[in-house]
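Numbering (our numbering), first residue to last: 2 to 258.
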């Protein structure tokens, strides 16, 4: 029986790449979207064209009522939910130093990030515990590890997400549910296209073991590995995917002169 897997924010970009990869690895993928219905349908078609199976489901994962309806619909159709990949970009980050950052923008990033994880986790854990098995994968960021360069809101939110994931791992491990964070570095997606250009993009390519920037498929490959039940023993940990940035140059804040 194919595992039933929900990927949030899977209409485009990183989420779509993850959904497509899992579809090729035998998962039935529920492609969640908030506003990109046509793009979600295209992701479903791409999965089916590659021999996989998928359906789409619209829901704002920061809205608990919408999440209840989403998970309830999955259970009504499939009877179980095996994997959740929390990939929705629920709160685009404001890149600014504290002096230029409003409390409203800072709080929106942190609460939006955590709401997208909290509601889907709380609802999905119920059937996972009942079936005695499950996998939850959060898309974090290496921004949680570095300070400076305007990462205050983004880094704080992703640090909080990583801590949240560890607590969920501790609470659910004995119920058969494992939890992992996949933390990519800078990835070339439609959301980052305007930022990762020129010298910034060239630097990221130059200081990578790949000789290029990370692409969504690089992260999707890591998520597919994280979704393998054999990796359940790694619960509560973070899998970094940064092209070697941290070991080659010490990360964005530790770059040698």
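We put the CB at the ideal spot given by N, CA and C, even for glycine.
If you're wondering where the values come from, they're calculated on a predicted model, not measured in any experiment.
Within the stretch 13-80, the beta strand (DSSP E) runs of at least 3 residues that lie entirely inside it are, in chain order, 29-34, 54-59. With a 10 Å radius around the Cβ and a threshold of 16 neighbouring Cβ atoms, residue 114 comes out buried. Bridge partners of residue 8 according to DSSP: 32, 86. Taking residue 88 as reference, the option from 61, 66, 176 with the minimal CA-CA separation is 61. Closest in alpha carbon position to residue 186, among 127, 164, 247, 128, is 247. With a threshold of 16 other beta carbon atoms within 10 Å, residue 108 falls short and is exposed. Listed in chain order, the non-local C-beta contacts of residue 220 below 8 Å within the same chain comprise 15, 18, 19, 140, 183, 185, 188, 242, local neighbours out to five positions each way being set aside. Taking residue 225 as reference, the option from 66, 69, 137 with the minimal CA-CA separation is 137. Distances from the alpha-carbon of residue 38 to those of 212, 31, 57 put 57 closest.
Within the DSSP secondary-structure output, residue 147 pairs in no beta bridge.
Secondary structure of residue 182 (DSSP, three-state): strand. Rounded to whole angstroms, residue 2 and residue 52 show a C-alpha spacing of 15 Å.
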